[in-house]
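Trainee: Per the working numbering, the very first residue in the sequence shown carries number 163; after that it's consecutive. The structure under discussion is supplied below as structure tokens; questions concerning it will follow.
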Amino acid sequence: MKKVYKIGAVFTTLCVACIAIFTLTKNESVNTETIAPEKTIVSAADVKGLPENIKDISKEKLKEKIQSHEEFIAYYYQPTCHFCKKAAPDINRMSKKHNRTIYRIDISTPENQSAFQEFDIPGTPVVVAYNRGEEVERLEGAVSAATYDGFFARRNSSAS
Numbered sequence: 163m164k165k166v167y168k169i170g171a172v173f174t175t176l177c178v179a180c181i182a183i184f185t186l187t188k189n190e191s192v193n194t195e196t197i198a199p200e201k202t203i204v205s206a207a208d209v210k211g212l213p214e215n216i217k218d219i220s221k222e223k224l225k226e227k228i229q230s231h232e233e234f235i236a237y238y239y240q241p242t243c244h245f246c247k248k249a250a251p252d253i254n255r256m257s258k259k260h261n262r263t264i265y266r267i268d269i270s271t272p273e274n275q276s277a278f279q280e281f282d283i284p285g286t287p288v289v290v291a292y293n294r295g296e297e298v299e300r301l302e303g304a305v306s307a308a309t310y311d312g313f314f315a316r317r318n319s320s321a322s
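Now the structure itself:
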């Protein structure tokens, strides 16, 4: 009987450890540490310079764009986010395919950190479409290229 208790204790300990590891890695993308700007690389494309269709924007400029009632797409990211690095090539490719400019906001910088709460960003990456001062669609997490393709296609059809 003691052997059964020992096996149960080991099994329980392993389960708790696995849950802890999963929880810590899942919340990695919500880390709000300050990152030195000279060390920010989101994707391999950024090493050669920012693509023409991607524009960096501050939280304050983003607020101004929303208040101006323009239609645009914002991309909330963090340079150290694994999922952002995974999603960046698809976002870049699909935004180029649909001829859309993306306004990219690094929410790990001190001046942009409050964007998590202000724009209800649970983690990164998040791509949000705004129109007439309102959020009209959102994609959270690193989704498939086909999902980004559909998102940008819907934005083009709504702009017509």
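Even glycine gets a Cβ: it sits at the ideal position worked out from N, Cα and C.
Nearest by alpha-carbon distance to residue 233: which of 225, 271, 239 is it?
Mentor: Here residue 233 refers to the residue found at position 71 of the sequence shown. Of the listed residues, the one whose Cα sits closest to residue 233 is 225.
Trainee: What distance in whole Å lies between the Cβ atoms of residue 267 and residue 236, which are believed to be in contact at a cut-off of 8 Å?
Mentor: Taking the first residue of the sequence shown as position 1, residue 236 is located at position 74. Taking the first residue of the sequence shown as position 1, residue 267 is located at position 105. Sure, about 6 Å apart at Cβ, within 8 Å.
Trainee: Could you check what DSSP says for residue 291 in three-state terms: helix, strand or coil?
Mentor: If you number the sequence shown from 1, residue 291 lands on position 129. Reduced to three states, the DSSP call for residue 291 is strand.
Trainee: Mind checking which residues open and close the alpha helix (DSSP H) that includes residue 252?
Mentor: Locating residue 252 in the sequence shown gives position 90, counting from the first residue. Looking at the DSSP string, the run of the alpha helix (DSSP H) that includes residue 252 is 244–259.
Trainee: Is residue 219 near residue 265, with beta carbons less than 8 Å apart?
Mentor: In the sequence shown, counting from the first residue as 1, residue 219 sits at position 57. In the sequence shown, counting from the first residue as 1, residue 265 sits at position 103. Contact flag set, yes.
Trainee: Which residue wins for smallest C-alpha separation from residue 289, given the options 273, 276, 269?
Mentor: Your numbering for residue 289 matches position 127 in the sequence shown. Of the candidates 273, 276, 269, the one whose C-alpha sits nearest the C-alpha of residue 289 is 269.
Trainee: Using the three-state DSSP reduction, which class does residue 236 fall into: helix, strand or coil?
Mentor: Position 74 of the sequence shown holds residue 236. DSSP places residue 236 in strand when its eight states are reduced to three.
Trainee: Going by DSSP, what residues sit across from residue 302 in a beta bridge?
Mentor: Taking the first residue of the sequence shown as 1, we reach residue 302 at position 140. 288, per the DSSP bridge assignment.
Trainee: So, under 8 Å CB-CB, residue 258 and residue 215 are touching, yes? Tell me the CB distance rounded to an integer number of Å.
Mentor: Indexing the sequence shown from 1 puts residue 258 at position 96. Indexing the sequence shown from 1 puts residue 215 at position 53. Contact flag correct, Cβ pair sits at about 5 Å.
Trainee: Helix, strand or coil: how does DSSP classify residue 218 here?
Mentor: Against the sequence shown, residue 218 aligns to sequence position 56. The answer is strand: DSSP assigns residue 218 an E or B state.
Trainee: Measure the C-alpha to C-alpha separation of residue 311 and residue 250 and round it to an integer number of angstroms.
Mentor: What you label residue 311 is simply residue 149 of the sequence shown in a count that begins at 1. What you label residue 250 is simply residue 88 of the sequence shown in a count that begins at 1. Spanning the two alpha carbons is a distance of roughly 13 Å.
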